[in-house]
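Chains as they are written, first to last, in the numbering used here: chain C, 530 to 965; chain D, 5 to 34.
We treat Cβ as the ideally placed atom computed from N, Cα and C, and that holds for glycine.
Structure first, then comments.
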Amino acid sequence: AGSSGDETVLLNVQSLLPGRSCAAPQENKRSGATSARMQVVHQHGPCSPLADAHGKPPSHAEILAADQNRVESIQRRVAATAGKLKKRAAPVQPGPKKNPAGIHPGHSSFSSAPLLPVSSGRALGTGNYVVTLGLGTPASKYTVVFDTGSDTTWVQCRPCVVKCYKQKDPLFDPARSSTYANVSCSDSACDDLDESGCTGGHCLYAVQYGDGSYTVGFFARDTLTIAHDAIKGFQFGCGEKNDGLFGMTAGLLGLGRGKTSLTVQAQYRYGGAFAYCFPALSTDTTGYLDFGPGASPANARVTPMLTDNGPTFYFVGLTGIRVGGKQLSIPETVFSTGGTIVDSGTVITRLPETAYSALSSAFTAGMAARGFKKVAGYSILETCYDFTGISEAAVPTVSLVFKGGACLDVDESGILYAISQAQVCLAFASIGDDES
Amino acid sequence: TGILGNTQQKTYGVVYDLGKKTVGFAPGAC
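Written out as structure tokens, the structure reads:
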């Protein structure tokens with residue numbers, strides 16, 4: 530079957546649609562002296578602590594539009610970094626958008642002067658998955674977006690000098706924490722920020738996302754509690770001016786490769802190791818985020834983390850794609866030219882045009898051989914099928930092959946994305962060319 | 005730049021190790 534291209538996965542069509550109830554949360558049993566486990570849930574799923582705070586979840590059109598925004602912001606940042614690497618620290622050029630963050634390197638403040646370069650283009654962290662962490666002493670709980678595509682963790686803070694968006698949890702109040710301290714401007718930690726400022730001797734941070742969402746405030750230290758572990762002196766942003774597409778979350782947990790990320794700050798404790806699992810949409814179970822050397826499941830197949838392409842992002846070497854067990858004919862240079870990022874916050878996998886085209890063609894042929902006809906596409910998704918009246922569908926397998934031979938046989942819950950039962954689409958999209 | 009999105013990561017344990025400079029994928033993790 531492997532060479533004839535007919536490997537099939539039997540898909541429960543209902544498994545592509547959101548579940549409606551959540552099983553009781555499982556007690557964390559994995560935490561130990563050098564490890565900690567947090568629960569991961571879909572922000573709009575039945576197990577989300579934010580679920581009842583929403584009027585209704587975003588539409589598929591909104592989700593996919595936000596996803597495209599995120600992808601474009603990642604592309605901008607990678608391009609800017611690549612330019613810097615090539616030109617040896619050439620300055621980032623300001624983008625055309627206004628800068629609502631308005632932070633001036635070297636001095637204050639929270640004003641609205643447009644100076645922060647938009648083209649710094651961090652990936653927007655609206656993401657889909659959230660975790661609940663503790664902050665301060667005594668610790669209060671905050672549900673935040675978890676994001677491997679950015680570094681600086683932040684929460685909205687009292688007194689919200691300029692603006693806070695609506696969130697479900699109470700705002701973090703530094704005055705109620707006995708261990709809170711602002712980072713001073715002369716502290717070397719202030720230099721770790723990509724965008725920093727100074728007011729009254731206090732270090733200011735700013736993060737502006739690709740779609741204009743932003744957070745600005747004091748860079749601070751306090752005790753971070755993950756599972757039952759306390760990380761003392763954790764550096765984070767205490768946001769005093771925040772707005773954008775952050776849902777009802779209290780902020781964001783940055784898990785990138787940069788100096789300010791939790792990954793790096795807690796490297797002394799967990800060795801820079803972490804792992805997570807996103808549950809399928811239909812299941813009533815939760816996923817997890819583990820820290821520590823024991824985080825790696827025994828059956829993990831590894832591929833090199835490519836660190837020469839700049840900070841923050843986790844680059845890996847995608848080398849090939851198999852559909853129905855058959856390797857597609859795609860030159861490896863198609864993948865290696867731009868590289869591939871593993872991102873927790875992008876919903877739909879993006880491929881170079883040549884690779885996407887080969888995948889789409891092979892999948893379409895496999896579906897046709899199984900009696901399925903294509904229907905109209907939806908947003909960025911072009912290859913869609915009508916599963917009305919079908920409870921189980923046999924669809925071609927899709928596997929991603931990485932440098933070193935690691936292979937990700939995409940789970941049945943991840944091959945297709947259901948807009949509705951009448952429009953179920955291949956969950957891949959093109960980035961438009963092979964050179965981006 | 006290609007991006008491996010979270011839909012394709014579902015049910016896999018995605019493992020990062022800054023010390024060893026590896027990323028890993030473990031099926032059936034949740």
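Start and end residues, beta strand (DSSP E) containing residue i
{"i": "residue 541 of chain C", "result": "537-541"}
{"i": "residue 566 of chain C", "result": "565-571"}
{"i": "residue 916 of chain C", "result": "Note, residue 916 of chain C: premise wrong, no beta strand (DSSP E); not H, not E."}
{"i": "residue 820 of chain C", "result": "816-820"}
{"i": "residue 727 of chain C", "result": "725-728"}
{"i": "residue 885 of chain C", "result": "Note, residue 885 of chain C: premise wrong, no beta strand (DSSP E); alpha helix (DSSP H) at 882-898."}
{"i": "residue 963 of chain C", "result": "Run containing residue 963 of chain C: none; DSSP gives neither H nor E here."}
{"i": "residue 929 of chain C", "result": "927-931"}
{"i": "residue 760 of chain C", "result": "758-772"}
Proximity of residue i and residue j at Cβ, strictly below 7 Å
{"i": "residue 683 of chain C", "j": "residue 768 of chain C", "result": "yes"}
{"i": "residue 687 of chain C", "j": "residue 702 of chain C", "result": "yes"}
{"i": "residue 947 of chain C", "j": "residue 593 of chain C", "result": "no"}
{"i": "residue 770 of chain C", "j": "residue 673 of chain C", "result": "no"}
{"i": "residue 882 of chain C", "j": "residue 963 of chain C", "result": "yes"}
{"i": "residue 824 of chain C", "j": "residue 802 of chain C", "result": "yes"}
{"i": "residue 708 of chain C", "j": "residue 666 of chain C", "result": "yes"}
Cross-chain neighbours of residue i in chain D, by beta carbon under 9 Å
{"i": "residue 566 of chain C", "result": "The premise fails here: residue 566 of chain C is roughly 11 Å from chain D at the closest Cβ pair, so nothing lies under 9 Å."}
{"i": "residue 832 of chain C", "result": "26, 27, 28, 29"}
{"i": "residue 850 of chain C", "result": "The contacting residues do not exist; residue 850 of chain C stays about 11 Å from chain D at best."}
{"i": "residue 661 of chain C", "result": "Under the 9 Å cutoff, chain D gives no residues; its nearest Cβ is about 17 Å from residue 661 of chain C."}
{"i": "residue 942 of chain C", "result": "11, 14, 15"}
{"i": "residue 796 of chain C", "result": "22, 23"}
{"i": "residue 956 of chain C", "result": "9, 11, 12"}
Chain D contact residues for residue i, given Cβ-Cβ distances below 7 Å
{"i": "residue 541 of chain C", "result": "The contacting residues do not exist; residue 541 of chain C stays about 13 Å from chain D at best."}
{"i": "residue 875 of chain C", "result": "7, 9, 10"}
{"i": "residue 685 of chain C", "result": "Those within 7 Å of residue 685 of chain C in chain D number zero; the least Cβ separation is about 24 Å."}
Member of the options whose CA lies at the smallest distance from the CA of residue i
{"i": "residue 844 of chain C", "options": "C:834, C:539, C:852, C:850", "result": "C:834"}
{"i": "residue 668 of chain C", "options": "C:743, C:590, C:751", "result": "C:751"}
{"i": "residue 892 of chain C", "options": "C:957, C:937, C:662", "result": "C:957"}
{"i": "residue 541 of chain C", "options": "C:959, C:961, C:940, C:960", "result": "C:940"}
{"i": "residue 959 of chain C", "options": "C:890, C:568, C:924, C:901", "result": "C:890"}
{"i": "residue 721 of chain C", "options": "C:708, C:728, C:736", "result": "C:736"}
{"i": "residue 945 of chain C", "options": "C:567, C:847, C:544", "result": "C:544"}
{"i": "residue 919 of chain C", "options": "C:765, C:952, C:894", "result": "C:952"}
Continuous alpha helix (DSSP H) stretch holding residue i: start and end
{"i": "residue 791 of chain C", "result": "791-794"}
{"i": "residue 803 of chain C", "result": "Counting along the chain, residue 803 of chain C falls outside any alpha helix (DSSP H), though it belongs to the beta strand (DSSP E) covering 802-806."}
{"i": "residue 755 of chain C", "result": "Not the alpha helix (DSSP H): residue 755 of chain C falls in the beta strand (DSSP E), residues 743-755."}
{"i": "residue 859 of chain C", "result": "Element bounds for residue 859 of chain C: n/a, residue is neither H nor E."}
{"i": "residue 12 of chain D", "result": "10-13"}
{"i": "residue 941 of chain C", "result": "941-944"}
{"i": "residue 717 of chain C", "result": "717-720"}
Interface flag, residue i vs chain D, CB-CB below 7 Å
{"i": "residue 878 of chain C", "result": "yes"}
{"i": "residue 804 of chain C", "result": "yes"}
{"i": "residue 846 of chain C", "result": "no"}
{"i": "residue 872 of chain C", "result": "yes"}
{"i": "residue 598 of chain C", "result": "no"}
{"i": "residue 829 of chain C", "result": "yes"}
{"i": "residue 807 of chain C", "result": "yes"}
{"i": "residue 869 of chain C", "result": "yes"}
Chain-ordered chain D contacts of residue i [CB-CB under 8 Å]
{"i": "residue 938 of chain C", "result": "31"}
{"i": "residue 503 of chain C", "result": "The displayed coordinates of chain C run from 530 to 965. Any statement about residue 503 of chain C would go beyond what the structure contains."}
{"i": "residue 607 of chain C", "result": "5"}
Min CB distance residue i to chain B below 7 Å
{"i": "residue 907 of chain C", "result": "The displayed structure is made up of protein chains C and D, and chain B is not among them."}
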